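J.: In the UniProt record's numbering, the protein residues as written are 1 to 330. Positions of the beta carbon are idealized from the N, C-alpha and C atoms, including for glycine. Small disclaimer: the values here were computed from a predicted structure and weren't measured. Just passing along the structure, written as structure tokens.
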């Protein structure tokens, strides 16, 4: 009898643990970092990094939607591709986004606002869409995680598909919509990170292509950025590193818990943040394609008018260009 009771207690314990794990997975809410960890600098010793779902997509660099190739990055300095006054208009797809994921979205937005604020004044602010707003991000659930980079005009989707609903992943995608690209493609990457090309899936090599130098690159290069991909991204085998730090080859990066100091500095520079808020004023999206020139019609040259008078067996021709007369034998 005693053995039966012990077995029953053991079985109930396993059942409770299993249910607890299921609830935790459904919530998909990560433990928020303490204030002391918020904004730590590059090359901090991040120890535990899960596989980041946005790294596994089939779009450019995994999660960047470059469709409608009027694309141009806000990092190029074009203020039209940044959100005016740092105010990001958004709407949530209530049909596809659960209340739990909506709660994570709200937390992610607040973490960005608080991190970038100066003396309590918001420089970046997320504001729900009103009826009159035409330009906004639309948080929905499609296949995988992806976002456009910067403000492109009209409705622009941020997909938070299965596996993409944790706070850190949401922050990563929201920062794309603000104008940040991936840190591992910055121009000076090779000074700090070694890419093991032999370990990269051949068709994914393009995802390591470096961008042109930008004034909005992380300074110094920041492997601790929430926009930096992990050591094993696009690897042929799960245990083969595709990237490793030159300073410390054992360093693990690709964290998705908070904005680094480098991320905050880039955003403040991009949005011209001061204690008064954002200095970005433009609200017109510039088109990157040439406008058609108006058609012009060429007028035909005027022909000389002539009159002919008959004088018996001769004729006289007069032209508007000369008063000279010429007689032609009849």
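According to DSSP, simplified to helix, strand and coil, what is residue 268?
T.: Mapped onto the chain shown, residue 268 falls at position 268. Correct three-state label for residue 268: helix.
J.: My output table needs one value for residue 28: the three-state DSSP class, helix, strand or coil.
T.: Along the chain shown, one-based indexing puts residue 28 at 28. With a pLDDT of 42 at residue 28, under the threshold of 50, the modelled position of that residue is not reliable, and the figure given next carries that caveat. Three-state result, residue 28: coil.
J.: Look at residue 218 and residue 253 and say whether their C-beta atoms are less than 8 Å apart.
T.: Start at 1 with the first residue of the chain shown, and residue 218 comes out as number 218. Start at 1 with the first residue of the chain shown, and residue 253 comes out as number 253. Result no, Cβ atoms of residue 218 and residue 253 do not sit closer than 8 Å.
J.: Roughly how many angstroms lie between the CA atoms of residue 225 and residue 255, to the nearest whole one?
T.: The residue you call residue 225 lines up with position 225 of the chain shown. The residue you call residue 255 lines up with position 255 of the chain shown. Each residue's Cα considered, the two are about 7 Å apart.
J.: Give me, in chain order, the residues of the same chain whose beta-carbon lies closer than 6 Å to that of residue 137; leave out the 5 immediate sequence neighbours on both sides.
T.: The residue labelled residue 137 in the question sits at position 137 within the chain shown. Same-chain partners within the cutoff: 90, 156, 158, 177.
J.: Tell me, which residues are paired with residue 144 by DSSP?
T.: Within the chain shown, the letter at position 144 stands for residue 144. For residue 144, which the question treats as bridged, DSSP gives the partners 142.
J.: With a cut-off of 8 Å, do at least 3 Cβ pairs link the segment 93-107 to the segment 157-174?
T.: With the cut-off at 8 Å, the segment 93-107 and the segment 157-174 touch.
J.: I'd like to confirm the pairing. Which residues does DSSP put opposite residue 118 in its beta bridges?
T.: The sequence position of residue 118 within the chain shown is 118, counting from 1. Answer is 121, bridged to residue 118.
J.: Is residue 243 helix, strand or coil when you go by DSSP?
T.: As a working note, residue 243 is residue 243 in the chain shown. Strand at residue 243.
J.: Can the beta-carbon of residue 243 be found closer than 8 Å to that of residue 179?
T.: Residue numbering aside, residue 243 sits at position 243 when the chain shown is read from its first letter. Residue numbering aside, residue 179 sits at position 179 when the chain shown is read from its first letter. Not in contact: residue 243 and residue 179 (Cβ atoms no closer than 8 Å).
J.: Using the three-state DSSP reduction, which class does residue 187 fall into: helix, strand or coil?
T.: In the chain shown, the residue the question calls residue 187 occupies position 187. In this structure, residue 187 counts as coil in the three-state DSSP scheme.
J.: Please look up how many angstroms separate the CB atoms of residue 199 and residue 236, rounded, as I've assumed it's under 8 Å.
T.: For the purposes of this step, residue 199 is taken as residue 199 along the chain shown, with counting starting at 1. For the purposes of this step, residue 236 is taken as residue 236 along the chain shown, with counting starting at 1. Yes, they are in contact, since the Cβ atoms of residue 199 and residue 236 sit about 6 Å apart, within 8 Å.
J.: With DSSP collapsed to three states, give me the class of residue 249.
T.: For the purposes of this step, residue 249 is taken as residue 249 along the chain shown, with counting starting at 1. Coil.
J.: Taking the CB atoms as reference points, tell me whether residue 83 and residue 129 lie closer together than 8 Å.
T.: Numbered from 1 along the chain shown, position 83 holds the residue referred to as residue 83. Numbered from 1 along the chain shown, position 129 holds the residue referred to as residue 129. In this structure, residue 129 does not lie closer than 8 Å to residue 83 by Cβ.
J.: Just to confirm, are residue 127 and residue 94 a CB contact at a threshold of 8 Å?
T.: The residue you call residue 127 lines up with position 127 of the chain shown. The residue you call residue 94 lines up with position 94 of the chain shown. Going by C-beta atoms, residue 127 is not nearer than 8 Å to residue 94.
J.: Between which two residues does the beta strand (DSSP E) carrying residue 194 extend?
T.: Your numbering for residue 194 matches position 194 in the chain shown. Where residue 194 is concerned, the enclosing beta strand (DSSP E) stretches over 193-195.
J.: When you compare only the Cα positions, how much space is there between residue 221 and residue 266?
T.: The count along the chain shown starts at 1 and reaches residue 221 at position 221. The count along the chain shown starts at 1 and reaches residue 266 at position 266. Approximately 11 Å, taken between the alpha carbons.
J.: Rounded to the nearest angstrom, what separates residue 264 and residue 238 at their Cα positions?
T.: On the chain shown, position 264 is the one that residue 264 refers to. On the chain shown, position 238 is the one that residue 238 refers to. Between residue 264 and residue 238, the C-alpha separation is close to 31 Å.
J.: For residue 268, tell me which candidate among 81, 118, 212, 97 has the shortest Cα-Cα distance.
T.: Residue mapping note: residue 268 aligns to position 268 of the chain shown, counting from 1. Nearest C-alpha to residue 268: 118.
J.: Express the C-alpha separation of residue 232 and residue 214 in angstroms, rounding to a whole number.
T.: Looking up residue 214 in the chain shown gives position 214. Looking up residue 232 in the chain shown gives position 232. C-alpha separation (whole angstroms): 26 Å.
J.: With distance defined between alpha-carbon atoms, name the residue in 144, 183, 168, 205 nearest to residue 212.
T.: By 1-based counting over the chain shown, the position of residue 212 is 212. Here the closest residue by C-alpha is 183.
J.: Taking 8 Å as the cut-off, decide whether the C-beta atoms of residue 251 and residue 245 are in contact.
T.: The sequence position of residue 251 within the chain shown is 251, counting from 1. The sequence position of residue 245 within the chain shown is 245, counting from 1. Yes, Cβ-Cβ distance for residue 251 and residue 245 is below 8 Å.
J.: What residues in its chain sit with their C-beta under 7 Å from that of residue 99, if we drop five residues either side in the sequence?
T.: Against the chain shown, residue 99 aligns to sequence position 99. No residues qualify anywhere along the chain.
J.: With a CB to CB cut of under 7 Å and the five nearest residues on each side skipped, what residues in its chain are close to residue 272?
T.: By 1-based counting over the chain shown, the position of residue 272 is 272. The residues are 278, 279, 280.
J.: Could you tell me the distance, in whole angstroms, from the CA atom of residue 140 to the CA atom of residue 101?
T.: The residue given as residue 140 occupies position 140 in the chain shown. The residue given as residue 101 occupies position 101 in the chain shown. Distance between the alpha carbons of residue 140 and residue 101 is about 10 Å.
J.: Ordered along the chain, which non-local residues of its own chain (more than five positions away) have a Cβ less than 7 Å from that of residue 92?
T.: Sequence index remark: in the chain shown, residue 92 carries index 92 (1-based). Taken in chain order, the residues that qualify are 102, 105, 139.
J.: Taking residue 144 as the reference, give the member of 165, 230, 132 with the closest Cα.
T.: Residue numbering aside, residue 144 sits at position 144 when the chain shown is read from its first letter. The shortest Cα separation from residue 144 among 165, 230, 132 belongs to 165.
J.: Evaluate residue 247 with the Cβ neighbour count: other Cβ atoms within 10 Å of its Cβ, from every protein chain shown; 16 or more gives buried, anything less gives exposed.
T.: Stepping through the chain shown from its first residue, residue 247 is reached at position 247. Result: exposed.
J.: Among the candidates 110, 175, 210, 97, whose CA atom is the shortest distance from the CA of residue 142?
T.: Translated into the one-based positions of the chain shown, residue 142 becomes position 142. Taking only the C-alpha atoms, the option nearest residue 142 is 97.
J.: Exposed or buried, which one is residue 181 when buried takes at least 16 other CB atoms within 10 Å?
T.: As a first step, residue 181 must be located in the chain shown, where it is residue number 181. Classification of residue 181: buried, given that the 10 Å Cβ count is 16 or more.
J.: Between residue 27 and the rest of its own chain, which residues show a CB-CB distance below 8 Å, the 5 nearest in sequence each way excluded?
T.: Counting from 1 along the chain shown, the entry for residue 27 is found at position 27. Because the pLDDT of residue 27 is 43, which lies under 50, any placement of that residue in the model is unreliable, and the question is left without a value.
J.: So which of 223, 81, 146 has the shortest CA-CA distance to residue 191?
T.: As a working mapping, residue 191 is identified with position 191 in the chain shown. Nearest C-alpha to residue 191: 223.
J.: Classify residue 274 as buried or exposed, calling it buried when 16 or more other Cβ atoms lie within 10 Å of its own Cβ.
T.: Working through the chain shown from its first residue, we reach residue 274 at position 274. Label assigned to residue 274: exposed.
J.: Am I right that residue 210 and residue 186 are in contact with their C-beta atoms under 8 Å? What's the rounded C-beta distance?
T.: Against the chain shown, residue 210 aligns to sequence position 210. Against the chain shown, residue 186 aligns to sequence position 186. So it is a contact: roughly 7 Å between Cβ atoms.
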